[in-house]
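If you're matching positions, the sequence shown starts at 231 in my numbering and goes up one per residue. Just so it is clear, CB atoms sit at the ideal spot from N, CA and C, and this is done for glycine as well. The model shown is predicted, which means the values in this text are computed figures rather than measured ones.
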Amino acid sequence: MLRPNVLTEFNPTVNTPKVEPGAYIDKLASVIGDVSIGAKVFVAPFASIRGDEGQPIVIREGSNVQDGVVVHALETFSDGALVEKNLVTVDGEKYAVYVGARVSLAHQSQVHGPAAVGDNTFIGMQALIFKSIIGKNVVVEPGAKIIGVTVAEGRYVPAGSVLVTQEAADALPKITPAYPFAKLNDGVLEVNEAFADKYLEMATGEHSKDTAAAPAAAAPQGH
Numbered sequence: 231m232l233r234p235n236v237l238t239e240f241n242p243t244v245n246t247p248k249v250e251p252g253a254y255i256d257k258l259a260s261v262i263g264d265v266s267i268g269a270k271v272f273v274a275p276f277a278s279i280r281g282d283e284g285q286p287i288v289i290r291e292g293s294n295v296q297d298g299v300v301v302h303a304l305e306t307f308s309d310g311a312l313v314e315k316n317l318v319t320v321d322g323e324k325y326a327v328y329v330g331a332r333v334s335l336a337h338q339s340q341v342h343g344p345a346a347v348g349d350n351t352f353i354g355m356q357a358l359i360f361k362s363i364i365g366k367n368v369v370v371e372p373g374a375k376i377i378g379v380t381v382a383e384g385r386y387v388p389a390g391s392v393l394v395t396q397e398a399a400d401a402l403p404k405i406t407p408a409y410p411f412a413k414l415n416d417g418v419l420e421v422n423e424a425f426a427d428k429y430l431e432m433a434t435g436e437h438s439k440d441t442a443a444a445p446a447a448a449a450p451q452g453h
């Protein structure tokens, strides 16, 4: 479901989600407000991406947002001005939530802004990212909680970890060829890109069938 946000004191504009060609959003997913979805993105059933409080939210091309994922953010507008502390800056642009290209947000994970996730990163099942910057080529294993820190490129966060200090984040191990999940995201991306292609193909086919099956308007009768 795609729909605009509502007007509120903390969100004075109405925005409708923008979806690039080739992306697939399941009809049981919810995408609301100031959200941009890139090409080849797969959004699974019961995912929720709400750009109605913090905005904008961006999901770059080739990423996947799996079942039950929540992407949301703290308010970014108050008393007529931007709330800078609730924004992240990526390549000179400000976002409530930024999810890079070829990112996997696995089942029931949460990315709550202000937050950014770098390209080719895997966020594991039921992991939480809040007020944090996650670098490129990172693996966040299932159940990890990351709050208020920056995780450097090429690190992994062990399952169930709770990171709330920068010192702990800086001590995270680096991904090496011996790390068992070093290539995990590659396979996840391949599967979900196929899902985006094939579910979109099926949805387009169903739409064509419905259109073809619709009764033609009756022609005016001559006299």
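Proximity below 9 Å, CB of residue i to CB of residue j
| i | j | result |
| --- | --- | --- |
| V369 | D349 | no |
| A253 | V273 | yes |
| V381 | V394 | no |
| N316 | G365 | no |
| A389 | G354 | yes |
| I289 | G268 | yes |
| V392 | I377 | yes |
| T238 | D309 | no |
| A311 | Y325 | no |
| V300 | S278 | yes |
Close Cβ partners of residue i (< 6 Å) along its chain, the five nearest in sequence each way excluded
| i | result |
| --- | --- |
| L358 | Q340 and K375 |
| F411 | V369 |
| D454 | Only positions 231 to 453 of the chain appear in this structure, which leaves residue 454 out of reach. |
| M432 | none |
| G263 | N235, N245, G281 and D282 |
Endpoints, alpha helix (DSSP H) assigned at residue i
| i | result |
| --- | --- |
| T398 | This sequence places Ala at residue 398; Thr is not what is there. That run of the alpha helix (DSSP H) goes Q396 to D400. |
Unbroken beta strand (DSSP E) run spanning residue i, endpoints
| i | result |
| --- | --- |
| Q340 | Q340 to V347 |
| V299 | Unbroken run through V299: none, as it is neither H nor E. |
| V244 | No beta strand (DSSP E) contains V244, which DSSP labels as neither H nor E. |
| V318 | V318 to V320 |
Bridge-paired residues (DSSP) for residue i
| i | result |
| --- | --- |
| R332 | For R332, which the question treats as bridged, DSSP gives no partner whatsoever. |
| K366 | The partner list for K366 (beta bridge, DSSP) is empty, contrary to what the question assumes. |
| I233 | In the sequence as displayed, the identity of residue 233 is Arg instead of Ile. R233 pairs with I262. |
| G281 | G263 |
Beta-carbon separation (whole angstroms), residue i vs residue j, contact threshold 8 Å
| i | j | result |
| --- | --- | --- |
| V327 | I287 | 4 Å |
| S293 | V261 | Actually they do not touch by this definition, with Cβ atoms about 13 Å apart. |
| I405 | G384 | 5 Å |
Residues near residue i by beta carbon distance below 8 Å, same chain, minus five either side
| i | result |
| --- | --- |
| A426 | G252, A253, Y254, K270, V271, F272 and N294 |
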